[in-house]
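Student: Residues in the sequence shown are numbered consecutively from 3, following this note's numbering.
Cβ coordinates follow ideal geometry from the N, Cα and C atoms, glycine included.
On a predicted model such as this, the values are computed, not experimentally measured, just so you know.
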Amino acid sequence: MLRFAKLVVALTPLFAPVAVTAQSAEELALVREIFADLNPRSIAENREHCGYIGLDDEGNLTFSEPTPGDSDSCLADDPVNIQVITTSYHTHAAFSPDYSSELPSGSDMEGDEDEGIDGWVATPGGRLWYIDTDDMTTRQVCGIGCLPSDPSFIAGDSGIIEQSYSYDELVIKLGE
Ligand SMILES: [Zn+2]
Numbered sequence: 003m004l005r006f007a008k009l010v011v012a013l014t015p016l017f018a019p020v021a022v023t024a025q026s027a028e029e030l031a032l033v034r035e036i037f038a039d040l041n042p043r044s045i046a047e048n049r050e051h052c053g054y055i056g057l058d059d060e061g062n063l064t065f066s067e068p069t070p071g072d073s074d075s076c077l078a079d080d081p082v083n084i085q086v087i088t089t090s091y092h093t094h095a096a097f098s099p100d101y102s103s104e105l106p107s108g109s110d111m112e113g114d115e116d117e118g119i120d121g122w123v124a125t126p127g128g129r130l131w132y133i134d135t136d137d138m139t140t141r142q143v144c145g146i147g148c149l150p151s152d153p154s155f156i157a158g159d160s161g162i163i164e165q166s167y168s169y170d171e172l173v174i175k176l177g178e
């Protein structure tokens with residue numbers, strides 16, 4: 003078992019694109035399951051929640067228990083049950099007209115890039131975003147209401163939101 007785990011770690015950088023493609027449907031199903039419970043909780047408590055997705059020591063897809071953050075940030079605990087981390091996940095708390103919380107932030111993308119992983123983001127409007135740090139782009143996997151959303155969410159409050167952004171486009175959009 004240990005030998006297998008080491009092999010997975012050793013091969014991951016070489017075969018990462020293949021692995022991500024092969025597991026993406028399964029991972030998307032898992033992430034929707036996580037956010038179905040977590041986004042309503044995040045909205046009700048008005049604080050972000052965050053964690054990781056990856057492979058356990060038997061090579062099965064799994065996720066770490068979410069760590070609660072505050073209304074505009076979250077720092078996930080190190081996962082104890084994940085051998086190979088593939089992505090992070092986090093929510094964006096409740097709707098607020100003061101934040102452009104319908105989009106990932108520049109620092110969301112930077113954080114995943116620093117850790118060498120991709121990321122998933124749920125918004126108060128129920129959007130699901132995927133952050134791809136290989137080419138530093140982010141795209142909406144699905145739009146308003148595809149995850150449970152905040153009843154007080156006002157569509158259009160953050161202006162026109164595109165289907166995808168490069169990091170540079172995102173930073174300009176957010177005025178960071
Ligand atoms: Zn974020």
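1. Indicate the three-state DSSP secondary structure (helix, strand or coil) for Y101 in the structure shown.
2. Just jot down, in chain order, the residues whose CB lies closer than 7 Å to any heavy atom of ligand 1.
3. Between the C-alpha atoms of C52 and L77, what's the straight-line distance to the nearest angstrom?
4. Rounded to whole angstroms, what is the Cα-Cα separation between S168 and T140?
5. Where in the region 50 to 138 do unbroken runs of the beta strand (DSSP E), each at least 3 residues long, occur, reported from the N-terminal end onward?
6. Can you tell me whether DSSP reads S154 as helix, strand or coil?
7. What does the alpha-carbon distance come out to for the pair D74 and D114?
Tutor: The relevant details are as follows:
1. Sequence index remark: in the sequence shown, residue 101 carries index 99 (1-based). Note: Y101 maps to coil in three-state DSSP.
2. E50, H92, H94, P106, S107, D110, V123
3. Numbered from 1 along the sequence shown, position 50 holds the residue referred to as residue 52. Numbered from 1 along the sequence shown, position 75 holds the residue referred to as residue 77. When rounded, the distance between both Cα atoms is 7 Å.
4. Within the sequence shown, residue 168 is the residue found at index 166, counting from 1. Within the sequence shown, residue 140 is the residue found at index 138, counting from 1. The straight-line gap from Cα to Cα measures roughly 6 Å.
5. 51 to 57, 63 to 65, 86 to 93, 120 to 124, 130 to 134
6. Locating residue 154 in the sequence shown gives position 152, counting from the first residue. Of the three classes helix, strand and coil, the one that applies to S154 here is coil, per DSSP.
7. Walking along the sequence shown from the start, residue 74 turns up at place 72. Walking along the sequence shown from the start, residue 114 turns up at place 112. Each residue's Cα considered, the two are about 16 Å apart.
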